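Those protein sequence lines, which keep their order, are chains A and B. Residue numbers in the first sequence follow our numbering, run continuously in steps of one, and reach 305 at the last position. Residue numbers in the second sequence follow our numbering, run continuously in steps of one, and reach 1305 at the last position. Structure, as structure tokens:
There are 2 protein chains.
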Amino acid sequence: MFEKLFESNGLSLDRLRSFLSFAVAGSIAKAAPRDVNRQSQISRQISELETFFGAELTERRGKELVPSAAGDRLAELIRQQLRDLEDFQHEQAKTKKAFTIGAGASILDWLVLPVIGAIRDELGQATVSLETFRSHTLVEAVKNGRVDFAIVRKNALPENAKSKPLIDLTFHLCLSRHLLKRGTPASAADDPKVWQTLPFTAGKDGGQLDVTLRQAMLEAGVDFHPVVECNSMLQARQLIESGECAGVLPSVGIHGLEAKGIVVREFAPLKNYGRHLVLHWNERQMRRRGVDGAAIKQIALVLRR
Amino acid sequence: MFEKLFESNGLSLDRLRSFLSFAVAGSIAKAAPRDVNRQSQISRQISELETFFGAELTERRGKELVPSAAGDRLAELIRQQLRDLEDFQHEQAKTKKAFTIGAGASILDWLVLPVIGAIRDELGQATVSLETFRSHTLVEAVKNGRVDFAIVRKNALPENAKSKPLIDLTFHLCLSRHLLKRGTPASAADDPKVWQTLPFTAGKDGGQLDVTLRQAMLEAGVDFHPVVECNSMLQARQLIESGECAGVLPSVGIHGLEAKGIVVREFAPLKNYGRHLVLHWNERQMRRRGVDGAAIKQIALVLRR
DNA sequence: TTCAAACATGACTATATGATCAGTGATACA
DNA sequence: TGTATCACTGATCATATAGTCATGTTTGAA
């Protein structure tokens, strides 16, 4: 199909465009005022098109070159074609895209939600849909395109996966001062024997953090029975703020707690849990949806604050 | 105009064509059966178009890749555009062109006319218009495009002008045997003193050959007064054939004369007149009218017999 | 689980095309 | 008859695109 058009050289969008600019302006010099380079370029490209079509697309009028009748027809053809392509381009660019960001619930709550506006700025005001994932399924979800961006632990990623570092998560035991025996210093909260006596809250979803926490408690010799099992870290924080429970929160979720009289102590068992969070994405998906590397870099920057 | 289309890379006629072939075939593999190279090329070009438009032009169906809705629309767009271009191409190619061949009258009569069919073959059966020119204006006529081909003396051309050698013209004194005194050998016709007695025919147009002939006669001490001044060499040959006149004919015009009892002798005064005839043409004009070097070469060949 | 088909991708090479510069003609106009 | 404008051309460089090869990944089916 269309073999004739492609079997010889001399046809290119750029040449067609140059010819159109010549035809619209009315002469080569008018098409590129005060630019002799461009003039010679246009002259050459016109001549190449004439060779390609084997037709006289131009004629001399005095010292100027003007489009011939055939040239005018060609110009109209080109104008329509480029307009169609541009329309298609605009139409596609305008199509509202929905980007999906996947992460653990608390990460979405505390890391993503506060900067969701800035992220949408980078994505051309696209709709953003947040999805809670277990970390081990996130990598898969990115790979098959169900999720555009994911925030995951770096060590959950395969070797050569694209990622940008975000923050290093730490974990903190948080509890209202009054949950400790009167007179004891805040540092008493570091003692696993004390933990046994505290009314803990914890997740009930079997997520990685939850499992790890229970594991850590077990290893510390604590018979861990949270008094409230909740669905999200936001709920946990509320329970902690109200003084009802003690709990272990990630660093992203402790902002402002101390000001409210909550004791915040680094939670030793998870010290080396090592949650180097990174932003992960599907390269091909990004290209197809028109997101370039700079935008991704900006998003990572925003997520780091 | 259309800046958006050209400010980024990734758009080219070739890619559009590849995408069309993919869309028509229904998958990459079907578009290039048993050609893994082409397949990878198409895959890449599709991906480049998707990047360019920032849109998903394809979607997976099982292990195949098929055009998406947007992809189908793009394919239709491309099909129409290429069809339009091809139509234009055909239309221009079919346009009957009129090529003009310029030369001196006798050259046209004796060199060009006998092979005009073969010349038209090389020019795609184009209309050919023959124009008589004085040799010194021919070069000018080629330069400004009024004439496509010219047959001229090589030494009339500027230094670097394109040309192909045709034939070397010689000149011959031709006359009916009975115009010589009975009993004299044919070689008597070589004697300038005899010329004075002959009833000559010659041109009256003041053309270069005519002028040169009269000059040569003067230098040979002959008081040259042709009895018939005619408009063309064809007329002169007729006069010679009928026995009415003697005359000087170029080599291209003496074929068959001797068989009719005409004495043909080399005409010494013009021996070194040096008419190395060449085919000359306007390079740019040839490109614009779709005549390639091979065709020109063939035409020269035909003119050499 | 294994295999082959379909597609994707990295790393090249080759080629066409675009860009730039310098210089030459041609033409109109003062 | 200069002179400025406009167009053309040869030469060369820079770059985008096409083409090739090897290999990886996903998917459906045996």
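In this text, a Cβ means the ideal position worked out from N, Cα and C, and glycines have one as well. Since this is a predicted model, take the numbers as computed values, not measurements.
Pick from GLU229(A), HIS280(A), ASP292(A) and VAL302(A) that is closest to VAL142(A), judged by C-alpha positions:
Against the first sequence, residue 142(A) aligns to sequence position 142. Nearest option by C-alpha distance: HIS280(A).
Report the residue from ARG34(A), ALA32(A), ARG61(A) and LEU65(A) whose alpha carbon sits nearest the alpha carbon of ILE47(A).
In the first sequence, counting from the first residue as 1, residue 47(A) sits at position 47. Reading off the sequence, residue 47(A) comes out as Ser, not Ile. For the options ARG34(A), ALA32(A), ARG61(A) and LEU65(A), the alpha carbon positioned closest to that of SER47(A) is the one of LEU65(A).
Close Cβ partners of ALA300(A) (< 6 angstroms) along its chain, the five nearest in sequence each way excluded
If you number the first sequence from 1, residue 300(A) lands on position 300. Listed in chain order, the non-local C-beta contacts of ALA300(A) below 6 angstroms within the same chain comprise LYS164 and LEU279, local neighbours out to five positions each way being set aside.
Can you pull the chain A residues whose beta carbon is under 8 angstroms from the beta carbon of ARG1287(B), in chain order?
The residue labelled residue 1287(B) in the question sits at position 287 within the second sequence. From the beta-carbon of ARG1287(B), the residues of chain A found nearer than 8 angstroms are SER47, GLU50 and THR51.
Spatial neighbours of PRO1226(B) within its chain, please: CB distance less than 6 angstroms, with the 5 preceding and 5 following residues excluded, ordered by chain position.
For this step, residue 1226(B) is matched to residue 226 along the second sequence. Same-chain partners within the cutoff: PHE1200, THR1201 and ALA1202.
Would you say the stretch 1163-1182 of chain B touches the stretch 1256-1266 of chain B, given that touching needs at least three Cβ pairs under 8 angstroms?
They touch, by the three-pair rule.
Give me the residue from ALA1189(B), PHE1022(B), LEU1169(B) and ARG1034(B) with the minimum Cα distance to HIS1276(B).
Residue numbering aside, residue 1276(B) sits at position 276 when the second sequence is read from its first letter. HIS1276(B) has its Cα closest to that of LEU1169(B), out of ALA1189(B), PHE1022(B), LEU1169(B) and ARG1034(B).
Is the beta carbon of ALA126(A) less than 8 angstroms from the beta carbon of ALA98(A)?
Start at 1 with the first residue of the first sequence, and residue 126(A) comes out as number 126. Start at 1 with the first residue of the first sequence, and residue 98(A) comes out as number 98. In contact: ALA126(A) and ALA98(A) (Cβ atoms closer than 8 angstroms).
Residues that DSSP places opposite HIS276(A) in a beta bridge:
Counting from one through the first sequence, the residue named residue 276(A) turns up at place 276. According to DSSP, which records beta bridges pairwise, HIS276(A) is partnered with ASP168(A).
Against chain B, with Cβ distances strictly below 8 angstroms, would LEU13(A) count as a contact?
The residue labelled residue 13(A) in the question sits at position 13 within the first sequence. At least one C-beta of chain B is nearer than 8 angstroms to the C-beta of LEU13(A).
Closest to PRO158(A) by CA distance: which of SER18(A), ARG134(A) and VAL139(A) is it?
As a first step, residue 158(A) is located in the first sequence; it is residue number 158 there, counting from the start. Ranking the options by Cα distance to PRO158(A), first place goes to VAL139(A).
Does the stretch 10-30 of chain A come close enough to the stretch 38-56 of chain A to have 3 or more Cβ pairs within less than 8 angstroms?
At 8 angstroms Cβ cutoff, the stretches touch.
Could you pull out every residue in the same chain whose Cβ sits closer than 6 angstroms to the Cβ of LEU1123(B), ignoring the five residues on either side in sequence?
The residue you call residue 1123(B) lines up with position 123 of the second sequence. For LEU1123(B), where only same-chain residues beyond five positions count, the Cβ hits under 6 angstroms are PHE1099.
Which residues in the same chain as VAL1128(B) place their Cβ atom closer than 8 angstroms to its Cβ, once the five residues preceding and following it in sequence are excluded?
In the second sequence, counting from the first residue as 1, residue 1128(B) sits at position 128. So the qualifying residues of the chain are ALA1098, PHE1099, THR1100, ILE1101, ILE1116, ILE1119 and ARG1120.
For VAL1036(B), count neighbouring C-beta atoms within 10 Å of its own C-beta (all shown protein chains included) and say buried if the count is 16 or more, exposed if not.
Mapped onto the second sequence, residue 1036(B) falls at position 36. Burial call: exposed.
Please decide whether ASP84(A) counts as near chain B, where near means a Cβ-Cβ distance under 8 angstroms.
Numbered from its first residue, the first sequence carries residue 84(A) at position 84. Interface residue, yes.
Can you tell me which residues form a DSSP beta bridge with LEU1020(B)?
On the second sequence, residue 1020(B) is found 20 positions in, with the first residue counted as 1. Listed as beta-bridge partners of LEU1020(B) by DSSP are no residues whatsoever.
Please state whether DSSP places THR1132(B) in a helix, a strand or coil.
Indexing the second sequence from 1 puts residue 1132(B) at position 132. Note: THR1132(B) maps to strand in three-state DSSP.
Check the Cβ-Cβ distances between GLN41(A) and every residue of chain B, and say whether any is below 8 angstroms.
As a first step, residue 41(A) must be located in the first sequence, where it is residue number 41. For GLN41(A), the answer is no, since every Cβ of chain B falls outside 8 angstroms of its Cβ.
Mind checking whether GLU241(A) and LYS260(A) have CB atoms under 8 angstroms apart?
The count along the first sequence starts at 1 and reaches residue 241(A) at position 241. The count along the first sequence starts at 1 and reaches residue 260(A) at position 260. Yes; because the gap between Cβ atoms is below 8 angstroms, this pair is in contact.
So who's on the other strand from LEU332(A), going by DSSP bridges?
Given a span of 1 to 305 for chain A in the structure shown, any question on residue 332(A) remains unanswerable.
With DSSP as the reference, identify every bridge partner of ARG73(A), one or two as the case may be.
In the first sequence, the residue the question calls residue 73(A) occupies position 73. DSSP lists no bridge partner for ARG73(A).
State the Cα-Cα distance for the pair LYS1297(B) and LEU1303(B), rounded to the nearest angstrom.
Position 297 of the second sequence, counting from 1, holds the residue named residue 1297(B). Position 303 of the second sequence, counting from 1, holds the residue named residue 1303(B). The C-alpha of LYS1297(B) lies about 10 angstroms from the C-alpha of LEU1303(B).
Under DSSP, the alpha helix (DSSP H) around ASN254(A) begins and ends at which residues?
By one-based count along the first sequence, residue 254(A) stands at place 254. Note on identity: in this sequence residue 254(A) is Ile, with Asn being the wrong assignment. Note, ILE254(A): premise wrong, no alpha helix (DSSP H); not H, not E.
Please report how far the alpha carbon of ARG1061(B) lies from the alpha carbon of ALA236(A), in whole angstroms.
To locate residue 1061(B), count along the second sequence from 1; it is residue 61. To locate residue 236(A), count along the first sequence from 1; it is residue 236. Computed Cα separation, rounded: 44 angstroms.
Alpha carbon of ARG287(A) to alpha carbon of THR212(A), nearest angstrom:
Here the question's residue 287(A) lines up with position 287 in the first sequence. Here the question's residue 212(A) lines up with position 212 in the first sequence. Each residue's alpha carbon lies about 37 angstroms from the other.
What does GLU56(A) touch in chain B if you count any residue whose Cβ is under 8 angstroms from its own?
The residue given as residue 56(A) occupies position 56 in the first sequence. For GLU56(A), the chain B residues whose C-beta falls within less than 8 angstroms of its own C-beta are ARG1288 and ARG1289, listed in chain order.
Give the residues of chain A in contact with ARG1310(B), contact being defined as C-beta atoms less than 7 angstroms apart.
Here chain B has residues from 1001 to 1305 only, and residue 1310(B) is not among them.
Have a look at PHE6(A) and LEU1016(B) and give me their C-alpha separation to the nearest angstrom.
Within the first sequence, the letter at position 6 stands for residue 6(A). Within the second sequence, the letter at position 16 stands for residue 1016(B). Those two C-alpha atoms are separated by around 12 angstroms.
Classify GLY1256(B) as buried or exposed, calling it buried when 16 or more other Cβ atoms lie within 10 Å of its own Cβ.
As a first step, residue 1256(B) is located in the second sequence; it is residue number 256 there, counting from the start. The residue is exposed, with fewer than 16 neighbouring Cβ atoms inside 10 Å.
Which residues, in order along the stretch 1060-1073 of chain B, keep a beta-carbon less than 8 angstroms from a beta-carbon of chain A?
Contact residues of the stretch 1060-1073 of chain B toward chain A are ALA1070 and ARG1073 (C-beta to C-beta distance below 8 angstroms).
Whose C-beta lies closer than 7 angstroms to the C-beta of LEU166(A) among residues of the same chain, with five residues either side of it excluded?
Locating residue 166(A) in the first sequence gives position 166, where the first residue counts as 1. For LEU166(A), where only same-chain residues beyond five positions count, the Cβ hits under 7 angstroms are ILE151, LEU277, VAL278, LEU279, ALA300, LEU303 and ARG304.
Do you know whose CA, among GLY1253(B), ARG1284(B), GLN1238(B) and LYS1030(B), lies nearest LEU1108(B)'s CA?
Position 108 of the second sequence, counted from the first residue, corresponds to residue 1108(B). In terms of Cα proximity to LEU1108(B), the closest of GLY1253(B), ARG1284(B), GLN1238(B) and LYS1030(B) is GLY1253(B).
In chain order, which continuous runs of the beta strand (DSSP E) of length 3 or greater are located wholly inside the stretch 181-246 of chain A?
The qualifying runs are 201-203 and 228-230.
Could you give the DSSP three-state label for GLY1117(B): helix, strand or coil?
Along the second sequence, one-based indexing puts residue 1117(B) at 117. Reduced to three states, the DSSP call for GLY1117(B) is helix.
8 angstroms Cβ cutoff met for PRO1185(B) and ALA1220(B)
What you label residue 1185(B) is simply residue 185 of the second sequence in a count that begins at 1. What you label residue 1220(B) is simply residue 220 of the second sequence in a count that begins at 1. No, Cβ-Cβ distance for PRO1185(B) and ALA1220(B) is not below 8 angstroms.
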